[in-house]
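In my numbering, the protein residues as written are 4 to 188.
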């Protein structure tokens with residue numbers, strides 16, 4: 004298989020992971036977004052440029068099929084792809100540093116998401132975390148602050164889940180390659 008075909012297949016797989024993850028999170032009211040699993044997977048396998056493309060195409064696909072809000076969060080996918088792709092091949096998204104790396108990816112995306120959610124949608128989107136935002140806002144917190152608090156918490160766990168999944172896939176891939184080449188694991 005040539006490199007162009009390999010890259011196309013990995014990006015397509017990443018888009019499917021993003022769309023299916025977002026669909027599951029939305030339909031089961033999971034307070035995570037699960038729309039960047041594929042973006043982070045592609046970041047780990049191919050780097051930031053392809054991860055950013057995966058994120059944008061995943062947002063467009065979700066936005067045109069079942070969640071129009073996803074279209075407006077495409078810039079967040081660009082940030083996710085960039086930061087995850089840049090950090091993946093450093094220590095920050097591997098092993099014991101994974102929780103810190105999830106923060107490094109999650110904070111910039113949280114800032115962008117908070118402004119998009121607060122300024123464009125008044126704090127309400129298709130995510131079940133909007134209920135928490137409204138509760139904090141009714142307790143007297145500023146809307147942007149309410150959204151940011153919820154975004155930081157949910158983005159952290161969302162990105163940590165995606166990084167953990169990516170690590171599992173890559174480790175399994177290395178085991179499979181060793182088994183296929185040597186006949187044993």
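Where is the CB? At the ideal position from N, CA and C, for every residue including glycine.
Other residues of its chain near residue i: CB distance less than 7 Å, five sequence neighbours each side excluded
| i | result |
| --- | --- |
| residue 90 | 96, 104, 107 and 108 |
| residue 64 | 18 and 22 |
| residue 156 | none |
| residue 160 | 35 |
| residue 70 | 25, 29 and 129 |
| residue 49 | 10 and 13 |
CB-CB length for residue i against residue j, believed under 8 Å
| i | j | result |
| --- | --- | --- |
| residue 213 | residue 136 | Outside the displayed range of the chain (4 to 188) lies residue 213, so it cannot be described from this structure. |
| residue 55 | residue 85 | 6 Å |
| residue 29 | residue 113 | That pair is no contact at about 19 Å. |
| residue 168 | residue 44 | 7 Å |
| residue 153 | residue 132 | 5 Å |
Same chain, Cβ closer than 8 Å to residue i, five either side skipped, listed in chain order
| i | result |
| --- | --- |
| residue 123 | 75 |
| residue 140 | 126, 146 and 149 |
| residue 27 | 33 and 37 |
Three-way DSSP call (helix, strand, coil) for residue i in this model
| i | result |
| --- | --- |
| residue 168 | helix |
| residue 38 | coil |
| residue 32 | coil |
| residue 177 | helix |
Residues of its chain near residue i, where Cβ-Cβ distance is below 6 Å and the 5 sequence neighbours each way are ignored
| i | result |
| --- | --- |
| residue 77 | 59 and 62 |
| residue 79 | 112, 115 and 116 |
| residue 73 | 62, 65 and 66 |
| residue 94 | 100 |
Distance cut-off 7 Å: residue i Cβ against heavy atoms of the ligand PLP
| i | result |
| --- | --- |
| residue 140 | Because no ligand of any kind appears in the structure shown, any question about the ligand PLP cannot be addressed here. |
| request: Please list the segments of the alpha helix (DSSP H) lying wholly inside the stretch 96-159, counting only runs of 4 or more residues, in order along the chain. | output: Under the rule that a run must span 4 or more residues, the alpha helix (DSSP H) segments found entirely inside the stretch 96-159 read 101-118 and 133-141.
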